[in-house]
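**Q**
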Amino acid sequence: MRFSTQYIPTLKESPADAEVISHKLLLRAGMIRRLTSGLYTYLPLGLRALKAVEAIVREEMDRSGFLEVLLPFVQPGDLWKETGRWEQYGKELLRLKDRNDRDYCLGPTHEEVMTDLVRGEVRSYRNLPLRLYQMHTKFRDEIRPRFGLMRGREFIMKDGYSFDADLAHAEESYKLMYDCYTRIFSRLGLRFRAVEADTGSIGGNFSHEFMVLADSGEDTICYCMNCDYAANVERAEVVACTHCADGAQDLSPYEAVPTPNLHTVAEIADFLKTPKERVIKTMLFRVDGKVVAVLVRGDHEVNDVKLARFCQASEVELADQATVEAVTHAPLGFAGPVGLTIPIYADASLSGATGCVVGGNAKDTHLRNVSLARDVTVAAFADLRTITENDPCPRCGGQVKLTRGIEVGHIFMLGTKYSDAMHATFLNERGEEHPMIMGCYGIGISRVLAAAIEQNNDADGIVFPWAMAPVSCILLNLDVKNADVTKAVEKIYAKLEGSGVSVLLDDRDERAGVKFKDADLLGIPAQLSLGARSLKNNCVECANRLTKEKTTLPLERFDDDFPIWLEGVRASWDARRKTAWVSGSTLSRNLLVS
Ligand code: ATP
Ligand code: MG
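Per this note's numbering, numbering through the sequence shown is continuous, rising by one, with the last residue being 1152.
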């Protein structure tokens, strides 16, 4: 592959709209281009990296015994109506009509289509388990497409589905995928962790997310320093609570206090000389359209995923300003629970709380000395907040830490949600009809590419993990006008191509500095360069993009020495993998709860 005839439009500057490093570098390295919001074109090198990810995923899925199929991207609305998701899915589902006015959608996921495929064919327990997957385009009309490939509207996903006769076998399928994902992300050279996750709109019994650890991640994960517990904070339970009743003795009636120009919990706590945990936040949410109030301590955050689960709701959103003002008869910032007639749910840590400060439902007013039991009608106390580093591990009581992650894979035990709705049944040994037990398993192939770059980059550009580099080697001709240099470079190039090493030859008529800069930007693991000076010394310069180690190889020993050096470059990636802080732990025994 020659640079001069390739299409690698590298850029010196990052485009202004790129916020995260992977987005900047993929654009600068000429690997992707934006068509419009959330839609990207892969240029030749970007596509090669994407294909490298796909190849590893395909190999490991095949190894797990899953069979590859290819389902249509456009899906009939009727199937989605069978499961109720036509109405439930929200605006991410891009709905369209054909010329005959029939409903269709662009596939954001394929449970319905896959279940439809199987229900027509599989009738007997003898045909189970059936495990299928595909690697294909998805479309989700994301509300905020951003970060380039990280959150596109159109993106590439590997999605797999398992159909089993009973729960024990379904758990085997799930475990197969858990182990398969662990192998995939290890082979890709990523630092990752499998965490317990919420099942969200896909539904089902339990699930794990695979998180690539990176500060730019949109998810927060909680892990225990003592045991192998790890969970998305959307899910991580808060067990033992410190009540804010502790130590509060003042049981005098509540009173209104003027709080002009005070907006934050910290400002109010300061002004009223009370600790932050005693200032109760009252947040209004729309839960499947119905307005409810949620109370948490001032130093805690409401967890809307837990709220949705608690209310068994499919949609939870913060109430807008107009709603808050209509319900509280006060401007934003002064909502409080005293006198509210909507349902009020409070976080468990507030049970028994006395001597608290709450919003006064009037401009510039708060109430102090509020006692929840005496002054507020709380419909329920529940775990409605996000875990913090001050909370104990829900499994062992040990110390927990929070860190950021990028969700690259997600596995779900679906149970019979789809097979019940779509009548995907089979006959067991006794001729009795049962719904199949399903699992579904996704990997965001294009997001993996972005996540890998988030984790592997430096000031000069991408540092491609060995396993997903578009080519393993870049060979720089530093003096294209010098016939002897060019001859020597071409000889090496032919040797590499002949021995099956993937190589990009930079044969452009450019300054050496430009070539080195581009080579670093592209992040190719092994860098070779040859110019007049090295030719004089009869050698070729070699650099390892990961370790930055440089060496020279004598030209006359190239055939013997180069494979050893290249193997060293590959091994440096293995070494990095082994020192990774956390990799996927083995599936914890007690996670597979029936
Ligand atoms: P997120 O929470 O990030 O929106 P999700 O939980 O909705 O993702 P799943 O339905 O679990 O996503 O899809 C499986 C995988 O597809 C995810 O783990 C992720 O890697 C990938 N993915 C999901 N949405 C996008 C997107 N908009 N762009 C790129 N990849 C995505
Ligand atoms: Mg997910």
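In this text, a Cβ means the ideal position worked out from N, Cα and C, and glycines have one as well.
Would the beta-carbon of Gly1154 be found less than 7 Å away from any heavy atom of the ligand ATP?
**A** The requested residue 1154 is not part of the displayed model; the chain covers only 559 to 1152.
**Q** If you check the beta carbons only, do Val1043 and Ala1009 fall under 8 Å apart?
**A** No. Outside cutoff.
**Q** Alpha helix (DSSP H) containing Asp661: first to last residue?
**A** From DSSP, Asp661 is part of no alpha helix (DSSP H) but of the beta strand (DSSP E) over Asp661 to Leu664.
**Q** Are Leu1205 and Ile1050 touching if we call contact CB-CB under 8 Å?
**A** This structure leaves residue 1205 out entirely; the chain is present only between 559 and 1152.
**Q** Bridge partners of Gln879, per DSSP?
**A** Partner(s): none; Gln879 has no beta bridge.
**Q** Does DSSP put Arg681 in a helix, in a strand, or in coil?
**A** Of the three classes helix, strand and coil, the one that applies to Arg681 here is coil, per DSSP.
**Q** Please report the residue range of the alpha helix (DSSP H) in which Ser1198 lies.
**A** Lying before the first or after the last residue shown, residue 1198 is absent from the chain, which here runs from 559 to 1152.
**Q** Quick check: what's the CA-CA separation for Leu1124 versus Ala726?
**A** If you take the alpha carbons of Leu1124 and Ala726, they lie about 46 Å apart.
**Q** Give me the DSSP bridge partner(s) of His694.
**A** Answer by DSSP bridge pairing, in chain order: Met715.
**Q** For Met783, count the other beta carbons within 10 Å of its own beta carbon; 16 or more makes it buried, fewer makes it exposed. Which is it?
**A** Counting Cβ neighbours within 10 Å, Met783 comes out exposed, since fewer than 16 surround it.
**Q** Would you mind giving the Cβ-Cβ distance between Glu640 and Ala979, rounded to the nearest angstrom? I have them listed as a contact below 8 Å.
**A** Contact holds; Cβ gap of about 6 Å.
**Q** Note down, in chain order, each residue of its chain lying with its Cβ closer than 6 Å to the Cβ of Thr1109, except the 5 sequence neighbours on either side.
**A** Contacts found: Cys1100.
**Q** Tell me whether Ile1001, by its Cβ, gets closer than 7 Å to a heavy atom of the ligand HEM.
**A** Among the ligands modelled here, namely the ligand ATP and the ligand MG, the ligand HEM does not occur.
**Q** Is Gly1142 buried or exposed, if buried means 16 or more other CB atoms sit within 10 Å of its CB?
**A** Low per-residue confidence applies at Gly1142: pLDDT is 39, beneath 50, and the placement is therefore not dependable, though the value from the model is reported in the following sentence. Answer is buried; the Cβ neighbour count reaches 16.
**Q** In chain order, what are the residue ranges of uninterrupted beta strand (DSSP E) at least 3 long that sit wholly in the region 822 to 903?
**A** Qualifying beta strand (DSSP E) stretches, in chain order: 838 to 845, 848 to 855 and 874 to 876.
**Q** Ignoring anything shorter than 3 residues, give me the beta strand (DSSP E) runs that lie fully in the region 718 to 790, in order along the chain.
**A** The qualifying runs are 750 to 755, 764 to 771, 777 to 782 and 788 to 790.
**Q** Who are Gln633's beta bridge partners in DSSP?
**A** Looking at the DSSP assignment, Gln633 forms a beta bridge with Cys663.
**Q** Here's a check: name, in chain order, each residue in its chain whose Cβ is nearer than 6 Å to the Cβ of Met735, leaving out the five neighbours to either side.
**A** Result list for Met735: Ile969 and Tyr999, in chain order.
**Q** Could you check if Pro818 is buried or exposed, using at least 16 other CB atoms within 10 Å of its CB as the buried criterion?
**A** It is exposed - the Cβ of Pro818 has fewer than 16 other Cβ atoms within 10 Å.
**Q** Express the C-alpha separation of Glu767 and Ala752 in angstroms, rounding to a whole number.
**A** Near 6 Å, if we compare the C-alpha coordinates of Glu767 and Ala752.
**Q** What's the call for Lys696, buried or exposed, on a 16-neighbour Cβ count within 10 Å?
**A** Buried is the call here.
**Q** Cβ-heavy atom distance between Glu792 and the ligand MG below 7 Å?
**A** Not under cutoff, so the answer is no.
**Q** With hydrogens ignored, establish whether the beta-carbon of Phe892 is closer than 7 Å to any heavy atom of the ligand ATP.
**A** Outside the cutoff, so no.
**Q** Is Ile1011 helix, strand or coil when you go by DSSP?
**A** Three-state DSSP puts Ile1011 in a helix.
**Q** Are the Cβ atoms of Ala851 and Leu898 separated by less than 8 Å?
**A** Their beta carbons are under 8 Å apart, which means Ala851 touches Leu898 by this criterion.
**Q** Can you list, in chain order, the residues of its chain with a C-beta nearer than 8 Å to that of Asn1148? Leave out the 5 residues immediately preceding and following it.
**A** Low confidence applies here, because Asn1148 scores a pLDDT of 33, under 50, leaving its location unreliable; read the following figure in that light. Taken in chain order, the list of residues that qualify is empty.
**Q** Starting from the Cα of Ile964, find the closest Cα among Leu748, Arg606, Met619 and Asn1102 and give me that residue.
**A** Ranking the options by Cα distance to Ile964, first place goes to Leu748.
**Q** Check the DSSP bridge columns for Asn948 and list the partner residues they point to.
**A** Beta-bridge pairing links Asn948 to no other residue.
**Q** Using the three-state DSSP reduction, which class does Phe561 fall into: helix, strand or coil?
**A** DSSP places Phe561 in helix when its eight states are reduced to three.
**Q** Note down, in chain order, each residue of its chain lying with its Cβ closer than 6 Å to the Cβ of Val578, except the 5 sequence neighbours on either side.
**A** Once the five neighbours on either side are set aside, the close Cβ partners of Val578 are Phe705 and Ser774.
**Q** So is Val1072 buried or exposed if we call it buried at 16+ other beta carbons inside 10 Å?
**A** Exposed is the call here.
**Q** Can you find a CB in chain B that lies within less than 8 Å of the CB of Trp638?
**A** Protein chains in the displayed structure number just one, and chain B is not present.
**Q** Quick check on the burial criterion: 16 or more other C-beta atoms within 10 angstroms. Buried or exposed for Gly633?
**A** The residue you asked about is not Gly; residue 633 is Gln in the sequence shown. Label assigned to Gln633: buried.
**Q** Is Val966 near the ligand ATP - that is, is its Cβ less than 7 Å away from at least one heavy atom of it?
**A** Under cutoff, so the answer is yes.
**Q** When you compare only the Cα positions, how much space is there between Cys1031 and Ile1082?
**A** Near 6 Å, if we compare the C-alpha coordinates of Ile1082 and Cys1031.
**Q** What did DSSP end up calling Ile566 once you bin it into helix, strand or coil?
**A** Three-state DSSP puts Ile566 in coil, outside helix and strand.
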